[in-house]
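To start, the structure under review is shown below, and the notes come after it.
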DNA sequence: ATGCATATTGACAGCGCTGTCATACGTCAA
DNA sequence: TTGACGTATGACAGCGCTGTCAATATGCAT
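Residue numbers (our numbering), protein chains in the order written: chain A, 62 to 407; chain B, 62 to 407.
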């Protein structure tokens with residue numbers, strides 16, 4: 062550790078509530094109140110306490126606080142991946158909203174494994190969290206029971222459902238995917254295929270939306286789905302497109318599980334000498350920033366990921382603040398953004 | 062909260078060490094030891110304790126533990142951005158390495174603001190963290206003093222320096238950028254420009270490396286740098302290239318601050334009818350996955366971000382485990398990956 | 001048998017804070 | 001004047017765990 066050279070010198074004793082209390086000639090409990098419920102302490106005392114706090118550099122010990130109050134300042138967040146930029150955006154919204162409050166975000170990473178999710182829920186609950194935010198609605202039965210018995214606000218995010226554990230902020234992946242597929246059909250593509258990787262529950266619902274759209278026009282989905290459990294990547298998008306075109310040369314459009322795949326498909330199409338848009342329609346999902354900047358620009362379904370994080374955090378904070386106003390379920394919807402990659406005339 | 066319907070029923074009392082102790086007929090301290098230092102407890106007792114723990118579903122209370130031991134299980138991580146995929150990769154390595162240990166990662170997001178970084182350091186220190194990992198070496202003076210006085214292992218990451226606070230895991234941005242620029246010159250480009258956005262301290266060092274390379278061959282950097290403080294994006298990469306080409310039509314290569322800019326530059330070049338590689342050389346930085354998959358593929362400098370997170374976490378864990386073996390400074394280096402975007406003959 | 005090191009267990013206090021209940025002191029209507 | 005009431009403050013215990021020191025048992029050389 063940094064100061065291991067001066068081992069003899071012990072680290073300075075921490076400044077406690079008692080020190081502040083002594084400084085202003087009040088009791089510790091009064092100082093504690095001045096910090097947490099200022100309105101309960103008289104004007105003059107409160108000011109002297111603030112001064113002493115600043116002066117001594119007092120910082121509350123979260124562990125002691127948690128132990129005494131049986132409530133920690135931790136808002137636990139459980140997501141399946143830290144690298145996936147979709148979750149990165151959600152996190153960004155979360156951190157921005159929780160930053161500046163007395164609460165702290167603590168992240169749990171399930172790596173798409175339900176048993177790890179369950180373990181993380183247990184661990185978080187053992188910390189008596191202020192709130193819990195979990196991605197998805199496909200928890201195991203016992204995870205769900207744990208969440209239901211939690212005595213803190215719980216927000217599920219990313220998806221829509223009629224039976225949330227507590228609160229829910231998300232959108233319908235199925236409807237979004239259906240809209241994207243209908244867009245391909247509207248634009249005159251006659252043989253669309255679903256390209257998917259990783260295939261978590263959300264991806265499965267998108268696939269379902271794709272099927273919905275084909276069903277609605279009486280089109281068979283036979284041979285129009287190519288999915289893999291491999292993690293998604295740009296490279297994989299290209300590989301899937303190549304593989305599918307080899308088997309089904311008639312394919313004139315692909316709806317991709319996510320934008321990485323779509324981008325990869327676009328590169329692969331260009332590499333194969335196809336003109337994206339005219340020869341093959343490509344639609345992604347999420348509308349990452351790169352989709353608009355790409356050449357040609359790539360159609361995608363915009364999702365409001367950052368706002369999802371913000372809203373989820375706000376729902377928790379509102380609950381903690383006693384304002385239980387908002388709705389239990391928030392549908393953030395989605396928005397199709399048509400671009401050159403699905404423009405046959407382009 | 063989930064169970065607010067059954068308000069009358071109080072949440073089940075938590076299982077404590079005392080419960081386990083009672084169950085096996087031992088004292089709490091012995092149970093505590095069986096959990097933390099199993100070798101100090103006799104075989105038989107230890108097994109009965111494990112059984113009781115599993116049976117009762119005992120989980121230690123981290124707050125009580127932290128309060129009593131004056132040491133929390135938190136490894137604090139301070140980074141400037143959650144969305145930047147560079148840090149996402151580092152984080153992924155961190156989480157993977159810390160997951161499975163009794164420690165917890167807690168993330169602080171400075172949003173590139175030194176005063177927030179300082180505040181975060183203070184807050185983390187007030188938690189008596191098990192360890193601290195901070196991005197960069199450009200802390201304010203008082204931040205640095207705080208870190209130096211911390212009585213936990215501290216690892217600075219992302220960069221190299223001769224005077225780390227404690228430990229350091231990173232690589233030389235300057236050397237990496239110089240190598241990239243030299244590659245452009247080697248490949249026969251005669252008028253390279255540095256394109257940069259955000260320009261944090263690391264980017265400044267990359268710019269310095271660019272200058273080093275030009276200096277070494279007696280080339281002026283005059284008019285060969287276009288930077289902005291705007292946050293980086295793919296779109297911005299294209300905009301910067303367009304802007305620069307309008308002013309300096311002779312430019313035949315760009316070294317971009319990061320891969321997003323490089324990708325955007327590539328798109329913009331194609332849009333302008335240039336053949337990437339032949340008409341304009343493009344080199345990025347970090348070697349994100351998309352660079353290899355792009356069409357044409359884009360040259361970049363590979364950095365070992367995930368490994369940086371893993372190594373930093375390992376250094377902290379080793380320290381905590383008492384093994385103070387490894388070196389204080391780890392240079393993960395970098396690797397230039399030449400691709401089509403800097404191939405004039407392609 | 002004696003003394004001493006080692007292994008195993010426990011008693012006790014206290015980490016720094018907050019929940020709860022008690023106290024002191026006005027204020028004001030009756 | 002009295003007492004009910006609201007406001008401001010404090011005393012006290014205890015949250016669930018661990019550091020420290022003490023106690024006891026065991027083994028072994030003397």
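From the three backbone atoms N, C-alpha and C, an ideal C-beta is built for every residue, glycine too. Keep in mind that this is a model prediction, so the values were computed, not measured.
Does any CB atom of chain B fall closer than 9 Å to the CB of residue i?
i                      : result
residue 122 of chain A : yes
residue 223 of chain A : no
residue 376 of chain A : no
residue 115 of chain A : no
residue 170 of chain A : yes
residue 128 of chain A : yes
Using only CA atoms, which one of the options lies nearest to residue i?
i                      : options                       : result
residue 164 of chain B : A:173, A:185 and A:162        : A:185
residue 401 of chain B : B:303, B:248, B:231 and B:269 : B:248
residue 335 of chain B : B:303, B:282 and B:321        : B:303
residue 159 of chain A : A:388, A:398 and A:373        : A:373
residue 264 of chain B : B:217, B:356, B:351 and B:236 : B:236
residue 279 of chain B : B:251, B:166, B:181 and B:306 : B:251
residue 243 of chain B : B:136, B:230, B:314 and B:96  : B:314
residue 348 of chain A : A:340, A:361, A:355 and A:118 : A:361
residue 245 of chain B : B:81, B:82, B:404 and B:77    : B:404
residue 353 of chain B : A:294, A:225 and A:119        : A:294
residue 310 of chain B : B:291, B:285, B:110 and B:319 : B:285
residue 344 of chain B : B:375, B:397 and B:308        : B:397
residue 81 of chain A  : A:147, A:363, A:116 and A:359 : A:116
residue 399 of chain B : B:201, B:359, B:111 and B:340 : B:359
If we call anything under 9 Å between Cβ atoms a contact, is residue i one with residue j?
i                      : j                      : result
residue 301 of chain A : residue 287 of chain A : yes
residue 198 of chain A : residue 171 of chain A : no
residue 191 of chain B : residue 134 of chain B : yes
residue 220 of chain A : residue 266 of chain A : yes
residue 346 of chain B : residue 277 of chain B : no
residue 151 of chain A : residue 366 of chain A : yes
residue 378 of chain A : residue 162 of chain A : yes
residue 271 of chain B : residue 289 of chain B : no
residue 121 of chain B : residue 178 of chain B : no
residue 342 of chain B : residue 357 of chain B : no
residue 391 of chain B : residue 260 of chain B : no
residue 316 of chain B : residue 238 of chain B : yes
residue 123 of chain A : residue 381 of chain A : no
residue 394 of chain A : residue 255 of chain A : no
residue 75 of chain B  : residue 187 of chain A : yes
residue 383 of chain B : residue 375 of chain B : no
residue 369 of chain A : residue 182 of chain A : no
residue 168 of chain A : residue 143 of chain A : yes
residue 127 of chain B : residue 189 of chain B : yes
Taking 9 Å as the CB-CB limit, is residue i close to chain A?
i                      : result
residue 75 of chain B  : yes
residue 146 of chain B : yes
residue 184 of chain B : yes
residue 398 of chain B : no
residue 111 of chain B : no
residue 321 of chain B : yes
residue 393 of chain B : no
residue 125 of chain B : yes
Kindly examine the ligand HEM and report whether one of its heavy atoms sits closer than 8 Å to the Cβ of residue i.
i                      : result
residue 101 of chain B : The ligand HEM is absent from the structure shown, which contains no ligand whatsoever.
>> Could you check whether the stretch 321–336 of chain B touches the stretch 293–308 of chain B, counting it as contact only if at least three pairs of C-beta atoms, one from each stretch, sit closer than 8 Å?
In response: Result yes; three or more Cβ-Cβ pairs closer than 8 Å.
>> Using a Cβ-Cβ cutoff of 8 Å, what residues of the stretch 268–300 of chain A are near chain B? List them in chain order.
In response: Of all residues in the stretch 268–300 of chain A, 294, 295, 296, 298 and 299 have a Cβ within less than 8 Å of some Cβ in chain B.
>> I'd like to know if the stretch 98–106 of chain A and the stretch 145–162 of chain A are in contact, where contact means that at least 3 CB-CB pairs between them fall below 8 Å.
In response: no
> Which residues, in chain order, does the stretch 325–342 of chain B contribute to contact with chain A at a C-beta distance below 7 Å?
Replying inline: 325, 328, 331 and 332
>> By the 8 Å beta-carbon criterion, what residues does the stretch 77–91 of chain A contribute toward chain B?
In response: none
> Quick one, which residues of the stretch 349–378 of chain B are near chain A if we go by CB-CB under 8 Å, in chain order?
Replying inline: Flagged, chain order: 350, 351, 353, 354, 355 and 356.
>> What are the residues in the stretch 149–165 of chain B lying within 7 Å of chain A by C-beta distance?
In response: 149, 150, 152, 153, 156, 160 and 165
> Listed from N- to C-terminal order along the chain, which residues in the stretch 91–107 of chain A have their beta-carbon within a distance smaller than 8 Å of any beta-carbon of chain B?
Replying inline: none
> Is the stretch 203–218 of chain B touching the stretch 196–213 of chain A, taking contact as three or more C-beta pairs under 8 Å?
Replying inline: no
>> What are the residues in the stretch 131–142 of chain B lying within 9 Å of chain A by C-beta distance?
In response: 131, 133, 135 and 142
> Between the stretch 188–199 of chain A and chain B, which residues of the former have a C-beta closer than 7 Å to a C-beta of the latter?
Replying inline: Along the stretch 188–199 of chain A, going in chain order, the ones with a CB nearer than 7 Å to a CB of chain B are 188.
>> Please identify, using Cβ separations under 7 Å, the residues of the stretch 236–269 of chain A that lie next to chain B, in order along the chain.
In response: none
> Using a Cβ cut-off of 7 Å, which residues of the stretch 208–233 of chain A contact any Cβ in chain B, in chain order?
Replying inline: 208, 209, 210, 211, 212, 213, 214, 215, 226 and 227
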